[in-house]
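Let me begin by presenting the structure, written as structure tokens, before commenting on it.
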Amino acid sequence: MEEIIKSSAVIKRRTKSYHANAMSTVSYSILLTVLGLASLLCVLPLILVISVSFSDESHILRDGYQFIPEVFSVDAYRFLVDDLDKITTGYGISILVTVVGTFLSLLVTSLFAYPVSRPDFPYRNQFSFIVFFTMLFGGGLVPWYLLYTQAGLKNTLFALIIPHLVVPFNVIIMRIFFTNTIPHALIESAKIDGAGELRIYGKIILPLSLPVLATVGLFQMLSYWNDWYTSLIFINNPQLVSLQYLLYKVISDLNYINSGAASIQAVNAIQKTLPSETAKMAMAVIGIGPIILVYPFLQKYLVKGLTVGSVKG
Numbered sequence: 086m087e088e089i090i091k092s093s094a095v096i097k098r099r100t101k102s103y104h105a106n107a108m109s110t111v112s113y114s115i116l117l118t119v120l121g122l123a124s125l126l127c128v129l130p131l132i133l134v135i136s137v138s139f140s141d142e143s144h145i146l147r148d149g150y151q152f153i154p155e156v157f158s159v160d161a162y163r164f165l166v167d168d169l170d171k172i173t174t175g176y177g178i179s180i181l182v183t184v185v186g187t188f189l190s191l192l193v194t195s196l197f198a199y200p201v202s203r204p205d206f207p208y209r210n211q212f213s214f215i216v217f218f219t220m221l222f223g224g225g226l227v228p229w230y231l232l233y234t235q236a237g238l239k240n241t242l243f244a245l246i247i248p249h250l251v252v253p254f255n256v257i258i259m260r261i262f263f264t265n266t267i268p269h270a271l272i273e274s275a276k277i278d279g280a281g282e283l284r285i286y287g288k289i290i291l292p293l294s295l296p297v298l299a300t301v302g303l304f305q306m307l308s309y310w311n312d313w314y315t316s317l318i319f320i321n322n323p324q325l326v327s328l329q330y331l332l333y334k335v336i337s338d339l340n341y342i343n344s345g346a347a348s349i350q351a352v353n354a355i356q357k358t359l360p361s362e363t364a365k366m367a368m369a370v371i372g373i374g375p376i377i378l379v380y381p382f383l384q385k386y387l388v389k390g391l392t393v394g395s396v397k398g
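What follows is the structure, given as structure tokens:
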């Protein structure tokens, strides 16, 4: 009788385990399907942009956008190749500004966020309030323009770097990371061993902060790469404008021609060979090319940055 009861209990446990595994498999399949559909929705617009950029302009105007080009054409890229020197120069400026600006931004932001995260820093609340205050109130466009022009930054690369150098939101992100992730006892033990503040910052804090540095660095890279407004405001030298500003100018010129504001004779002569819609998509492909390759290298740090602090042991 006892053996029958034991066998029945074992069967029940195995049945529960089987149902639990089955439910786990179903839940995993549903989650995988939802994430797959979400990823597909993110990729489809990019595929459509690439497809339209290689399509014939007349078919796009007649049939609309299609995922598979009805007539393959590279006229849009030929149109952009006519300004290859400007695009190459814009690429160089954008890459230089993005690399230097991101590095300096991470350095300055971490140098600001680390002290205000230390409980032994006497003015941490005052400096934190200054950062938070700038998120709520700004001086406006005119004081912003006058400040940089009077400082002699107009028509210099510094005008493209300094305006985005310190972002208050990024400072708050780093401060929270330093406060919740790096124990103060670790800093105290380093001091006991004779390490100075700069050595603690360079040898301990930064190596332990790769997740937040990668996350903030990606934000800053996107901000610098996609920025065209500072070139519009501060740069008059065509050799110093960024790639995004060049693309903005091309789109503005195309919209001006298509709006009918130009003379009818000039518009009719240009529109016969002008790949308007496909050129816009080709410019989008050119603009997102380099920056989209950076994400796979930072993905592991981004995932770690999202999950750090969620498990305490």
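To convert a position in the sequence shown, counted from 1, into the numbering used here, add 85. Think of the CB as a built atom: it goes at the ideal place given N, C-alpha and C, for glycine as much as any other residue.
Comparing alpha-carbon positions, which option in I318, K365, S308 lies nearest I336?
Closest by alpha carbon: K365.
Flag this pair as yes or no: are the beta carbons of M259 and A299 separated by less than 8 angstroms?
Not in contact: M259 and A299 (Cβ atoms no closer than 8 angstroms).
Run the CB neighbour count on Q329, radius 10 Å, all protein chains shown included, and call it buried at 16 or more, exposed below.
Answer is buried; the Cβ neighbour count reaches 16.
Looking at the structure shown, is S140 part of a helix, part of a strand, or coil, going by DSSP?
Reduced to three states, the DSSP call for S140 is strand.
Using a threshold of 8 angstroms, state whether the C-beta atoms of L189 and L250 are closer than that.
Taking 8 angstroms as the Cβ cut-off, L189 and L250 qualify as a contacting pair.
In the DSSP assignment, the alpha helix (DSSP H) including T173 goes from what residue to what residue?
Note, T173: alpha helix (DSSP H), 169-202.
Give the range of the alpha helix (DSSP H) segment to which V297 is assigned.
Residues 295-310.
Assigned secondary structure, F319 (DSSP; H/G/I helix, E/B strand, else coil)
When DSSP states are grouped into helix, strand and coil, F319 belongs to the helix group.
Compute the Euclidean distance between the alpha carbons of L133 and T363, then round it to the nearest angstrom.
For L133 and T363, the distance between alpha carbons rounds to 11 angstroms.
I355 to V379 span [Cα, whole Å]:
In this prediction, I355 scores a pLDDT of 49, lower than 50, which makes its location untrustworthy; the coordinate-derived value is nonetheless stated afterwards. Their backbone Cα atoms lie some 38 angstroms apart in a straight line.
Take K171 as the anchor and find which of P375, Y333, F139 has the nearest alpha-carbon.
Taking only the C-alpha atoms, the option nearest K171 is Y333.
Using the Cβ count rule (16 or more neighbours within 10 Å means buried), how would you classify T183?
Looking at its Cβ environment, which holds 16 or more other Cβ atoms inside 10 Å, T183 is buried.
I need the straight-line Cα distance from I285 to S316, nearest angstrom please.
I285 and S316: Cα-Cα distance of roughly 38 angstroms.
Leaving out the 5 sequence neighbours to the left and right, which residues in its chain are closer than 6 angstroms to G326 when beta-carbon positions are compared?
Residue identity differs from the one stated: residue 326 is Val in this sequence, not Gly. Taking C-beta separations shorter than 6 angstroms and ignoring five residues to either side along the sequence, the partners of V326 in its chain run S316, I320, following chain order.
From L191 to G175, what does the alpha carbon distance come to, in whole angstroms?
Spanning the alpha carbons of L191 and G175 requires a straight line of approximately 24 angstroms.
Is the separation between the beta-carbon of F217 and that of P253 shorter than 8 angstroms?
In terms of Cβ geometry, F217 and P253 form a close pair [threshold 8 angstroms].
So, helix, strand or coil for F212, using DSSP?
Note: F212 maps to helix in three-state DSSP.
Return the CA-CA distance between L215 and Y230, expressed in angstroms with no decimal places.
Residue identity check: residue 215 is Ile in the sequence provided, not Leu. C-alpha separation (whole angstroms): 21 angstroms.
Which of helix, strand or coil DSSP assigns to F243
Correct three-state label for F243: helix.
Do E155 and D148 have their C-beta atoms within less than 8 angstroms of each other?
E155 places its beta carbon less than 8 angstroms from that of D148.
Buried or exposed: L116, going by 16 or more other Cβ atoms within 10 Å of its Cβ?
Exposed, since its Cβ has fewer than 16 Cβ neighbours within 10 Å.
In its own chain, which residues sit with a C-beta less than 6 angstroms from the C-beta of S308, not counting the 5 before and 5 after it?
Counting only Cβ-Cβ distances below 6 angstroms, and skipping sequence neighbours, we find H249.
Identify the residues that DSSP records as bridge partners of F382: which are they?
F382 pairs with nothing; no bridge assigned.
Name the DSSP bridge partner or partners of F217?
The partner list for F217 (beta bridge, DSSP) is empty, contrary to what the question assumes.
Let's test the definition: count the other Cβ atoms within 10 Å of the Cβ of A351 and tell me whether it reaches 16, buried, or not, exposed.
Low confidence applies here, because A351 scores a pLDDT of 49, under 50, leaving its location unreliable; read the following figure in that light. Classification for A351: exposed.
Cβ shell of T264 (< 7 angstroms), same chain only, five flanking positions each side left out
Apart from the 5 residues on each side of it in sequence, T264 sits with its Cβ closer than 7 angstroms to the Cβ of S202 in its chain, given in chain order.
Looking at I376: is its Cβ nearer than 8 angstroms to the Cβ of M306?
With contacts defined by Cβ atoms closer than 8 angstroms, I376 and M306 form a contacting pair.
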